[in-house]
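Residue numbers (this note's numbering): 2 to 428.
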Amino acid sequence: MKQIQPRSLFIASCLALLVTSLSFGIRAGILGTLGKEFHLDGQELAIITGTAFWGFPLAVIIGGFIVDAIGMKNLLVAAFVLHLLGIILTVSTPYFSSGFWPLFISTLFIGMANGTVEAACNPLVATIFPENKTTKLNHFHLWFPGGIVIGTLLVTLFNQIGLNWQWQVASMIIPTLIYGYLFLRLDFPVTERVAAGVSNSQMYRSVASPLFIFMLICMFGTAITELFTNQWIEILLKNVTEHGILILALTAGVQVFGRAVAGPVVHKISPTGVLLVSAILSAIGLFLMGSVSGYMLIVAAVIFGMGITYFWPTMLGFVSENIPESGALGMNLMGGAGMFAVSIYTYFMGGFYDNIISKNLPAGGTLDTFRSAAAGTPEAAAFTQAQAVAGPEIINVTLIIPVILVVAFGALFFYMKGKNKQTLQTA
2 MKQIQPRSLF
12 IASCLALLVT
22 SLSFGIRAGI
32 LGTLGKEFHL
42 DGQELAIITG
52 TAFWGFPLAV
62 IIGGFIVDAI
72 GMKNLLVAAF
82 VLHLLGIILT
92 VSTPYFSSGF
102 WPLFISTLFI
112 GMANGTVEAA
122 CNPLVATIFP
132 ENKTTKLNHF
142 HLWFPGGIVI
152 GTLLVTLFNQ
162 IGLNWQWQVA
172 SMIIPTLIYG
182 YLFLRLDFPV
192 TERVAAGVSN
202 SQMYRSVASP
212 LFIFMLICMF
222 GTAITELFTN
232 QWIEILLKNV
242 TEHGILILAL
252 TAGVQVFGRA
262 VAGPVVHKIS
272 PTGVLLVSAI
282 LSAIGLFLMG
292 SVSGYMLIVA
302 AVIFGMGITY
312 FWPTMLGFVS
322 ENIPESGALG
332 MNLMGGAGMF
342 AVSIYTYFMG
352 GFYDNIISKN
362 LPAGGTLDTF
372 RSAAAGTPEA
382 AAFTQAQAVA
392 GPEIINVTLI
402 IPVILVVAFG
412 ALFFYMKGKN
422 KQTLQTA
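Following this line, the structure appears as structure tokens:
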């Protein structure tokens, strides 16, 4: 008979998510360095970064369809292998003739590993903590911003002591090996849907319901607001502050604290109220990021961090609690939709970023000419100035998304309030 150890499974899940978030934090910190070393423009960097985001939904959606059949353990062993391959290939990139394709493929592997972790661990956490899903999902997902904090601080520390980006990426191998070992030796339960005897037809009907589709569309916006901004913050604020990567660490630190105290917050305000307040704070934070400089950026980062703190886990928790028949598939479709939206948005914003820079450069040279100009030259100064204009403009365009979410979550708040009131009257 299997002996399920919820605490050990939860710790291993948190370590797996830590590797996922380290990949985001470290890659965000070395993105500019990779661009210079391998002569990659903004569009190419966006394609590579976006690969992690569409590799994620590819894995999480496929995982959502097969997790009930093959089990959560097998999915997590696959995640371990993909993480290991992705890390090793990234570190080996300088030994290839071109940097673009090794970085593209390694980022795809890591993105698929990250998606596979979510495909298995979200339903695992919901299964082992059936009475406290939203709170425990918030506790689990605090390791995403937690890993970003650790990753960005590692990048800063390694840069200070002269260790190159390869060492920074290689540091992810240690937690990868630990979580792989833990999952290989632990027993797993079946998913909650399988244990409850919910049929496949019930599951498919639930993910076609109007409420689920509404939440799926909202997930596009919450994921873009959080993940696009965090992944690109070092580049977008590069010429507004010298410490763009530390702004990311500060934002992620706020998320860690917020998710750690999620229980009282979610129970006091309600999940829909949390989502509405989150959208309002995200919009205010982005507005400030795109319009202030200096120490006010710290204020903007804190407000923005408060806004995005509860987005991802509360969206998943809402679906799991209010559309339980959707099971692991519902949670994974939500995660996959969010990451897919980020990949598409990142791709278009990379090109848009280059176009804004080009429009703000003086005539007489191509974008690549100004980008590769030696430091101290007029061309380099012009490129720096154009970047300083482009970054905040991208942030201001992205601001539209949380503004729309304020309206959407406001409507959801009153809809659910009315529905719960009607349920109480009927009871």
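Cβ coordinates follow ideal geometry from the N, Cα and C atoms, glycine included. Model, not experiment: these values are computed from the prediction.
Contact between the stretch 41-60 and the stretch 152-163: three or more CB pairs below 8 angstroms?
Using a C-beta cut-off of 8 angstroms, the stretch 41-60 makes no contact with the stretch 152-163, since fewer than three inter-stretch Cβ pairs fall below that distance.
Rounded to the nearest angstrom, how far is the Cβ of Gly-139 from that of Arg-260, given a contact under 8 angstroms?
Reading the sequence as shown, one finds Asn at residue 139 and not Gly. Indeed they touch by this definition, with Cβ atoms about 5 angstroms apart.
For Gly-26, which of Met-204, Ile-299, Leu-247 and Phe-97 has the nearest alpha-carbon?
A check of alpha carbon separations from Gly-26 across Met-204, Ile-299, Leu-247 and Phe-97 identifies Leu-247 as the nearest.
Can you tell me whether Thr-135 is buried or exposed, with buried defined as 16 or more other CB within 10 angstroms of its CB?
Buried, because 16 or more other Cβ atoms sit within 10 Å of the Cβ of Thr-135.
To the nearest angstrom, report how far apart Ala-409 and Thr-378 are at their CA atoms.
Rounded to whole angstroms, Ala-409 and Thr-378 show a C-alpha spacing of 49 angstroms.
Whole angstroms is fine: what's the gap from Ala-382's alpha carbon to Phe-39's?
Between Ala-382 and Phe-39, the C-alpha separation is close to 22 angstroms.
If you draw a straight line from the C-alpha of Val-343 to the C-alpha of Gly-30, how long is it?
Roughly 18 angstroms separates the two Cα atoms.
With 16 as the cutoff for other CB atoms within 10 Å, does Asp-369 come out buried or exposed?
By the Cβ-count criterion, Asp-369 is exposed, with fewer than 16 other Cβ atoms from all chains shown falling within 10 Å of its own Cβ.
For Phe-414 and Val-20, the rounded distance between their alpha carbons:
Going from the Cα of Val-20 to the Cα of Phe-414 covers about 34 angstroms.
In angstroms with no decimal places, state the Cα-to-Cα distance between Ile-179 and Ala-79.
Rounded to the nearest angstrom, the gap between the Cα atoms of Ile-179 and Ala-79 is 15 angstroms.
Which whole-angstrom value is the C-beta distance of Met-113 and Gly-56, which I expect to be below 8 angstroms?
Indeed, because the Cβ distance is near 4 angstroms, the residues count as touching under 8 angstroms.
When Gly-64, Ser-22, Cys-15 and Thr-34 are compared against Gly-328, the one with the closest alpha-carbon
Checking every option, the nearest Cα to that of Gly-328 belongs to Gly-64.
Would you mind working out which of Phe-189, Tyr-205 and Val-118 sits nearest Thr-128, comparing C-alpha positions?
Answer by Cα proximity: Phe-189.
Near Phe-130, what residues of its chain come up, given a Cβ to Cβ distance below 6 angstroms and the 5 sequence neighbours on each side ignored?
Cβ neighbours of Phe-130 beyond the five flanking positions: Lys-137.
Just to confirm my understanding: we take Gly-352, look at its own chain, exclude 5 residues before and 5 after, and list those with CB closer than 6 angstroms. What are they?
The beta carbon of Gly-352 lies closer than 6 angstroms to those of Gln-44 in the same chain, with the five residues before and after it left out.
Hey, out of Val-300, Leu-287 and Trp-313, whose CA is closest to Pro-393's CA?
Of all alpha-carbon atoms in Val-300, Leu-287 and Trp-313, the one lying nearest the alpha-carbon of Pro-393 is that of Leu-287.
Taking the alpha helix (DSSP H) that Gly-43 belongs to, which residues open and close that run?
Segment 43-71, the alpha helix (DSSP H) holding Gly-43.
Best match in Gly-339, Glu-380 and Phe-341 for proximity to Ser-359 [C-alpha to C-alpha]
For Ser-359, the closest alpha carbon among the candidates Gly-339, Glu-380 and Phe-341 is that of Glu-380.
May I ask you to verify whether the stretch 199-210 touches the stretch 120-127, counting CB pairs closer than 8 angstroms and requiring at least 3?
No: fewer than three Cβ pairs fall under 8 angstroms.
Which parts of the stretch 255-288 are runs of the alpha helix (DSSP H), unbroken and 4 residues or longer, counting only runs that do not cross its ends?
If we require 4 residues or more, the alpha helix (DSSP H) runs fully inside the stretch 255-288 come out as 263-270.
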